[in-house]
Amino acid sequence: MIEIKIQNNESRSLASMKDQNGNLYKAPIFMDQEDIRGKVFINLYKGKNVEHSSIRIECIGVIEHLMDSSRNLTFLQLWKDVEPPGNLYENSDYDFQFPKCELLHESYNGGIVRVRYYINVVINRSYGKIIKEAEFVV
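Quick note on our numbering: the sequence shown kicks off at 95 and runs consecutively.
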């Protein structure tokens, strides 16, 4: 239903990453103070609509403690509200840009902790959220 495309010019390097299911995918590599931009596509099922209280695009940086999730630390959280409360009746797309992001830490994937950055799209509804994320590497 939600697809996130992080803008990736031809000269940008890509890193091989594994998702939570162990599948490999390519993620763009960014440097500190770069603009992070892209596009979000929300594709509705035919004949359906989505009632929501807002649609938000977030840029998040987090240190995750893999053994104890209560110790996770979010050190970057930027957001852009792209849709006020209402209904979506048709497929929609939204451009996003987070200019000159301060990316303090390099991405890291260890046995106990992980440092990760991702774009998060949240469709807030009264009966639950729809969330999709796309990771990038610093």
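Even glycine gets a Cβ: it sits at the ideal position worked out from N, Cα and C.
_Please report the straight-line C-alpha distance between residue 162 and residue 141, rounded to a whole angstrom._
42 Å
*Check each candidate in 157, 205, 195 and 159 and name the one with the smallest Cα separation from residue 172.*
195
*Going by C-alpha distance, which of 219, 232 and 215 is nearest residue 134?*
215
_Touch test, the region 120-137 against the region 176-194, Cβ-Cβ under 8 Å, three pairs minimum_ = yes
_What would DSSP say about residue 150, mapped onto helix, strand or coil?_
strand
_Residue(s) in a DSSP beta bridge with residue 122_ = 108
*Starting from residue 180 and walking both ways along the beta strand (DSSP E), at which residues does that stretch end?*
180-182
*Going by other Cβ atoms of all chains shown within 10 Å of its Cβ, with 16 needed for buried, is residue 146 buried or exposed?*
buried
*asked:* Rounded to whole angstroms, what is the Cα-Cα separation between residue 180 and residue 170?
replied: 28 Å
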